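Asks:
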Amino acid sequence: MLKLYGGARSRASIVQWYLEELGVPYEFVLLDMQAKEHLQPEYLAINPIGKVPAIVDGDFKLWESGAILLYLAQKYGNLSTPEDLAVMNQWISFANATFGPGVFVEASRDRELPRLMSGLNQIFETQQFLVGDDFTVADVAVGAMLAYTLMMIKPDLSPYPAVLAYVGRIQQRSGFQKTIGNRG
Ligand SMILES: N[C@@H](CCC(=O)N[C@@H](CS)C(=O)NCC(=O)O)C(=O)O
1 MLKLYGGARS
11 RASIVQWYLE
21 ELGVPYEFVL
31 LDMQAKEHLQ
41 PEYLAINPIG
51 KVPAIVDGDF
61 KLWESGAILL
71 YLAQKYGNLS
81 TPEDLAVMNQ
91 WISFANATFG
101 PGVFVEASRD
111 RELPRLMSGL
121 NQIFETQQFL
131 VGDDFTVADV
141 AVGAMLAYTL
151 MMIKPDLSPY
161 PAVLAYVGRI
171 QQRSGFQKTI
181 GNRG
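Each residue of the sequence shown is one higher than the one before, counting from 1 in the UniProt record's numbering.
(1) Relative to the C-alpha of R173, which residue among S118, D134 and L30 is closest?
(2) Buried or exposed: G184, going by 16 or more other Cβ atoms within 10 Å of its Cβ?
(3) Taking the C-alpha atoms as reference points, what is the distance between K178 and T81?
(4) Which whole-angstrom value describes the C-beta separation of V142 and F176, a residue pair presumed to lie in contact below a C-beta threshold of 8 Å?
(5) Looking at C-alpha atoms only, which residue of G7, N89 and Q171 is the closest neighbour of M33?
(6) Does the separation of the CB atoms of L2 and V29 fall below 8 Å?
(7) At what residues does the beta strand (DSSP E) containing I55 begin and finish?
(8) Is it the case that the segment 141-155 contacts the segment 101-115, given that we only count it when at least three CB pairs across the two stretches are under 8 Å?
(9) From A162, A54, Q74 and V140, pick the residue whose C-alpha is nearest to that of E20; which is it?
(10) Have a look at G119 and L72 and give me their C-alpha separation to the nearest angstrom.
(11) Taking its Cβ as the centre, do 16 or more other Cβ atoms sit within 10 Å of L69, making it buried, or is it exposed?
(12) At the level of alpha carbons, what is the spacing between V137 and L113?
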């Protein structure tokens, strides 16, 4: 069975959420990060950088949450064309390389947050999810970042009602509630 390695409150929850959405059976291997289990040789053999999440699927090892999401989407989701794959890659890269640093790095937040939220708001004014009206891995990557933003930064998103409605749709999903929504 696929193994997902993560800490109690870590980005492993993003991957776990997608596994729940896909209905793929998995074992969550909870590392005690306070005790530095992620820096012990056993885990470094999976990810030599010592960061979580990582997965082991049969003989295949993979780390970096975005790479794992894309792998799972290709293997267990229904991406059929290079264009489908590229669009998912675009949103996953956006979540991790543009949205995350833009919002969670304090020095850039005031400048970046309005721009990020306005663009997303415009999208959600006309569609339910990022790539149309069906939920995809893009929503896991970006939806997780939006949910973390609300939990940790608590910005006033009232100027972006379509983003707030989208977050509401995300939060109703049982996979989200079992994982990121259960972080306390
Ligand atoms: N870009 C990486 C970030 C991984 C990351 O920073 N993970 C944190 C937990 S959320 C970690 O392992 N921290 C432990 C450490 O840095 O020692 C990803 O998305 O997988």
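Yeah, the Cβ is synthetic: ideal placement off N, Cα and C, and Gly gets one too.
Since the structure is predicted, the reported quantities are computational estimates derived from the model, not experimental observations.
Replies: Answer, in terms of the structure:
(1) Position 173 of the sequence shown, counted from the first residue, corresponds to residue 173. R173 has its Cα closest to that of D134, out of S118, D134 and L30.
(2) By 1-based counting over the sequence shown, the position of residue 184 is 184. Because G184 sits at a pLDDT of 41, beneath the cut-off of 50, its placement in the model cannot be relied upon, and the following sentence gives the value as read from the coordinates. Exposed, by the Cβ-count rule.
(3) Numbered from 1 along the sequence shown, position 178 holds the residue referred to as residue 178. Numbered from 1 along the sequence shown, position 81 holds the residue referred to as residue 81. So the two alpha carbons sit approximately 31 Å from each other.
(4) Along the sequence shown, read from residue 1 onward, the residue named residue 142 stands at position 142. Along the sequence shown, read from residue 1 onward, the residue named residue 176 stands at position 176. At roughly 13 Å, the Cβ-Cβ gap does not stay under 8 Å, so V142 and F176 are not in contact.
(5) Here residue 33 refers to the residue found at position 33 when the sequence shown is read from its first residue. Comparing Cα positions, the closest option is G7.
(6) Within the sequence shown, residue 2 is the residue found at index 2, counting from 1. Within the sequence shown, residue 29 is the residue found at index 29, counting from 1. No, the pair does not count as a contact, with Cβ atoms beyond the cut-off.
(7) Against the sequence shown, residue 55 aligns to sequence position 55. Counting along the chain, the beta strand (DSSP E) containing I55 begins and ends at A54 to D57.
(8) yes
(9) Counted from its first residue, the sequence shown places residue 20 at position 20. Checking every option, the nearest Cα to that of E20 belongs to V140.
(10) Position 119 of the sequence shown, counted from the first residue, corresponds to residue 119. Position 72 of the sequence shown, counted from the first residue, corresponds to residue 72. Distance between the alpha carbons of G119 and L72 is about 27 Å.
(11) Stepping through the sequence shown from its first residue, residue 69 is reached at position 69. By the 10 Å Cβ count, L69 comes out buried.
(12) Residue mapping note: residue 137 aligns to position 137 of the sequence shown, counting from 1. Residue mapping note: residue 113 aligns to position 113 of the sequence shown, counting from 1. Each residue's alpha carbon lies about 22 Å from the other.
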